[in-house]
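Each remark here refers to the structure printed beneath this line.
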Amino acid sequence: MSKKMKTLVSVLLVALFLIFLNILVALRVIDEYTTQVLTIAGINVIIALGLNLISGFTGQLSLGHAGFMAVGAYTTAALMMKLNFPIFFAVIGGALMSAMFGFLIGLPTLRLHGDYLAIVTLGFGEIIRVVMINLPDITGGPAGLKGIPTYTTNFFWRPVLSFALVYLALALVVLFLSNLLKSSHGKAIISIREDEIAANAMGINVFYNKIFAFTISAFIGGLGGALYAPFFGYLSPNMFNFQKSVEFLIIVVLGGMGNLTGTVLAGIGLTYLQEFLRFLKDYRLVIYPMILIIVMIYQPSGIMGLFKNKEFSITGLVERLSGKGPSREESSDQAGDVQ
Amino acid sequence: MDYLQQFCQQTLNGMSLGSIYALLALGYTMVYGIVKLINFAHGDILMVGAFVSYFFLRRWGITPVTLMLSFLPAMLFCLTLGVLIEKICYKPLRDQPRINTLITAIGVSFFLENGARVIPGIGPNPRVFPTLSAVNYTLFGVNISQVQILVFIVAIILMVLLNYIVSFTKIGKAMRAVSFDKGAAYLMGINVDRVISFTFVLGSSLAAAAGILFASSYPQIEPYMGTMPGMKAFIAAVLGGIGSIPGAVLGGFILGVAETLAKGFLSSQLSDAIAFGLLIIILVVKPSGLLGKPMGEKV
């Protein structure tokens, strides 16, 4: 199969899968509750993918992604409520604003190494939250922001629309990231994680590539927040605390740092588990950090480490089904990324 | 009260808070100096110490003697906990990339907080820490409370003791050697594992003491009480130069005073943001801190 054919087949299959899911939702084969859980899972996965780009692929631990989510969510809400932006442009605006924050925060902080960066991003996450509490005109202050316009209900049953939009965005993010990581930019980013000094010696502009990855990561984090605002219709600064940032980190770590497939699986799995474990009440708060510790000690490459860290590839699957056997290049592309 | 007097009063309050930060920052800086790990769970050890003391005081009543005695079980419990955490969670990861250990430390921190939250005897609701009846002394128009005097005395005793251990004992010498070069220290016959455990013993018992002092100054305890002081103490350690023991003390005092002054004269809500802003400025301008040595990256 030629490269163009492969891309075409992948896009078609993803589109078909999404349409199929949406039909299931629209016919209420998947009930409203499950749809909502799946939508939240989609949003979590989007933000975790953004975090994986900077922490898993670039090797720079960020502990403030809830802050970017907050920026995206509040910007979208403000654009819709104060300036009457249509929802589509408001979402894009929220993500862009978050990218700008990422760029501005990245400029001074990405010069720092590993642990320090983690603390500074944590600090920025907290600062963003404190500032939001103190800007009651835009954010509604500590009481939260009510009455954000939700996804329009004129044509569709509302859960269907939010589900469709979130999963469309998720598919686009996955497509973008997997292509980015195969490009020369992506190789440069991964080389920084493997050995910063060696990468520098090979002529890779380490600082520029870190800023690049961080800005995109912030954009995707903001996009997740932007999709969240009209889905939920209510925002409060305390939703976006350190605990939230760590939730995304748990998704990335469990799925496998530096593996997109793992993040998608772990994100949907963990969000579902969270709903499933509601009967345990506070005890689930103890289970989560235990997952984090146990994975780190016994299986640091996450669940996808069990599958040699391969990425799921649609074209590889198609070829295997059509009997041609997996093309080595496609399916083992990421196999060299085991830390 | 005129302006100068208010300034002096706030500085004194800040010194009291700062000495608590300093005790906690010492633990961060020692552990970082030896295993290059930001021990996120350190702030939560403070919470555990405060709760052990709380249960002790509830059993035996609050008098100056029992308050002093309660340091003993709290510090013992916390040093055991600190060593257990090190053995179970950090030791297996010593050869892994540092990002993995850091994530584990975050996991431990959340485990302690949420664990305390689900233990029936503790629960999520804040409790009032028993305090001695307040006695204030006035000196040149500046008030100093009994609790503040206690904080200063305990903090100074512990710091002098720590300085003695690190500078003049055999194990202290071993600690300095391991912090300087772990591999070489190992080749010289130093039991590195024992030194690391001992570092956690020192750090955790100081955190427990800081916990009791913190709970006596702000008499409300709950499972998440350690997060903020923990982060502030880390900022203090970075400010003074992480890995440097006098630096941690200096950083603690500076941060305590800066925070109290910011609360008193600017805005109480923004004081946390100011502390984090301070951290970012130091890291950008002088990452090695006030008293730290600049270190080049080795290949």
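The listed protein sequences derive, respectively, from chains A and B. So the working numbering is basically just the index in the first sequence, starting at one, shifted up by 216. So the working numbering is basically just the index in the second sequence, starting at one, shifted up by 1283. Think of the CB as a built atom: it goes at the ideal place given N, C-alpha and C, for glycine as much as any other residue.
With respect to the alpha helix (DSSP H) encompassing residue i, which residues constitute its N-terminal and C-terminal limits?
| i | result |
| --- | --- |
| B:S1428 | Run containing B:S1428: none in the alpha helix (DSSP H); it sits in the beta strand (DSSP E), V1425 to S1428. |
| B:M1529 | Correcting the residue type first, residue 1529 of chain B is Pro in the shown sequence and not Met. Where B:P1529 is concerned, the enclosing alpha helix (DSSP H) stretches over I1528 to L1544. |
| B:G1390 | R1381 to V1401 |
| B:D1555 | S1554 to V1568 |
| A:M490 | In the sequence as presented, Met is not what sits at residue 490 of chain A; that position holds Gln. Residues L476 to F492. |
| B:V1461 | K1453 to F1463 |
| A:V245 | Careful: A:V245 lies outside any alpha helix (DSSP H) and carries neither H nor E. |
| B:C1291 | Y1286 to V1318 |
| A:M418 | Taken as a continuous stretch (DSSP letters only), A:M418 belongs to no alpha helix (DSSP H), as it is neither H nor E. |
| B:T1349 | P1347 to L1352 |
| A:K460 | F458 to G471 |
| A:D353 | P352 to T355 |
| B:D1327 | H1325 to W1343 |
| B:L1549 | Unbroken run through B:L1549: none, as it is neither H nor E. |
| A:E527 | That residue, A:E527, is in no alpha helix (DSSP H); it is neither H nor E in DSSP. |
Given this structure, state the Cα-to-Cα distance separating residue i from residue j, to the nearest angstrom.
| i | j | result |
| --- | --- | --- |
| B:M1313 | B:E1505 | 27 Å |
| B:L1415 | A:L496 | 39 Å |
| A:V225 | B:V1568 | 52 Å |
| B:K1252 | B:Y1311 | The requested residue 1252 of chain B does not occur in the structure, where chain B is confined to residues 1284 to 1582. |
| B:F1334 | B:L1287 | 38 Å |
| A:A231 | A:A380 | 11 Å |
| A:S543 | A:G478 | Residue placement at A:S543 cannot be trusted, given a pLDDT of 40 that sits under 50; the coordinates are not used to answer. |
| A:E545 | A:A434 | Bear in mind that the predicted position of A:E545 carries a pLDDT of just 37, short of 50, making it unreliable; the figure below should be weighed with that in mind. Approximately 30 Å, taken between the alpha carbons. |
| A:K298 | B:V1366 | 55 Å |
| B:V1582 | B:D1464 | Low per-residue confidence applies at B:V1582: pLDDT is 49, beneath 50, and the placement is therefore not dependable, though the value from the model is reported in the following sentence. Near 15 Å, if we compare the C-alpha coordinates of B:D1464 and B:V1582. |
| B:V1434 | B:V1348 | 15 Å |
| A:L320 | B:F1412 | 43 Å |
| A:I235 | A:S378 | 14 Å |
| B:G1535 | A:Q490 | 39 Å |
| B:A1531 | B:K1515 | 11 Å |
| B:L1362 | A:G402 | 45 Å |
| A:T431 | A:L326 | 11 Å |
| A:G552 | B:G1466 | Low per-residue confidence applies at A:G552: pLDDT is 32, beneath 50, and the placement is therefore not dependable, though the value from the model is reported in the following sentence. Computed Cα separation, rounded: 30 Å. |
| B:I1371 | B:I1317 | 18 Å |
| A:S547 | A:F528 | Model confidence at A:S547 stands at a pLDDT of 36, short of 50, so the residue's coordinates are unreliable and nothing is read from them. |
| B:S1299 | A:L312 | 45 Å |
| B:S1428 | B:S1499 | 11 Å |
| A:Y514 | B:E1369 | 16 Å |
| B:P1570 | A:E412 | 19 Å |
| A:V554 | A:S517 | With a pLDDT of 30 at A:V554, under the threshold of 50, the predicted position of this residue should be treated as unreliable, though the coordinate-derived value follows. The alpha-carbon atoms of A:V554 and A:S517 are separated by roughly 7 Å. |
| A:V382 | A:A315 | 19 Å |
Could you spell out where the beta strand (DSSP E) holding residue i opens and where it closes?
| i | result |
| --- | --- |
| B:L1422 | N1419 to L1422 |
Taking Cβ positions, are residue i and residue j nearer each other than 8 Å?
| i | j | result |
| --- | --- | --- |
| B:M1458 | B:V1443 | no |
| A:F301 | A:L295 | yes |
| A:R345 | A:G283 | yes |
| B:L1329 | B:A1490 | yes |
| A:G437 | A:I263 | yes |
| A:T274 | A:I420 | no |
| B:I1321 | A:I335 | yes |
| A:L443 | A:I259 | yes |
| B:G1326 | B:T1482 | no |
| A:V564 | A:V511 | What is shown of chain A runs 217 to 555, which leaves residue 564 of chain A out entirely. |
| B:G1332 | B:I1439 | no |
| B:I1525 | B:G1455 | no |
| B:A1584 | B:L1538 | Residue 1584 of chain B lies beyond the residue range present for chain B, which begins at 1284 and ends at 1582; the question has no answer from this structure. |
| A:A293 | A:L439 | no |
| B:F1517 | A:P505 | no |
| A:G280 | A:G341 | yes |
| A:T255 | A:F447 | yes |
What does DSSP give as the partner residue(s) for residue i in the beta ladder?
| i | result |
| --- | --- |
| B:R1410 | B:I1504 |
| A:L361 | A:L451 |
Are the C-beta atoms of residue i and some chain E residue less than 8 Å apart?
| i | result |
| --- | --- |
| A:A434 | Of the chains in the structure shown, none is chain E; the protein chains are A and B. |
Is residue i a contact residue of the ligand COA, with contact defined as CB to any heavy atom under 7 Å?
| i | result |
| --- | --- |
| B:L1320 | As presented, the structure is devoid of all ligands, the ligand COA included, so that no description of it is given. |
Taking a Cβ distance cut-off of 9 Å, strictly less, list which residues of the segment 1354-1382 of chain B are near chain A, in chain order. I1371, C1372, P1375, L1376, Q1379, P1380, R1381 and I1382
Relative to chain A, which residues along the segment 1556-1571 of chain B have a C-beta separation below 8 Å, given in chain order? A1556, F1559, G1560, L1562, I1563, L1566, V1567 and P1570
Can you list, in chain order, the residues of the segment 325-350 of chain A whose Cβ is nearer than 8 Å to any Cβ on chain B? T325, R327, L328, H329, G330, D331, Y332, A334, I335, V336, L338, G339, F340, E342, I343, V346, V347, I349 and N350
Going along the segment 1462-1473 of chain B in order, which residues come within less than 9 Å of chain A, judged by CB to CB distance? none
By the 9 Å beta-carbon criterion, what residues does the segment 1381-1405 of chain B contribute toward chain A? R1381, I1382, N1383, T1384, L1385, I1386, T1387, I1389, G1390, V1391, S1392, F1393, F1394, L1395, E1396, N1397, G1398, R1400 and V1401
Can you list, in chain order, the residues of the segment 1538-1556 of chain B whose Cβ is nearer than 7 Å to any Cβ on chain A? Q1552, L1553, D1555 and A1556
Residues in the segment 1502-1518 of chain B with C-beta within 7 Å of chain A's C-beta atoms, listed in sequence order? F1517
Residues of the segment 1295-1326 of chain B whose Cβ lies closer than 7 Å to any Cβ of chain A, in chain order: I1321
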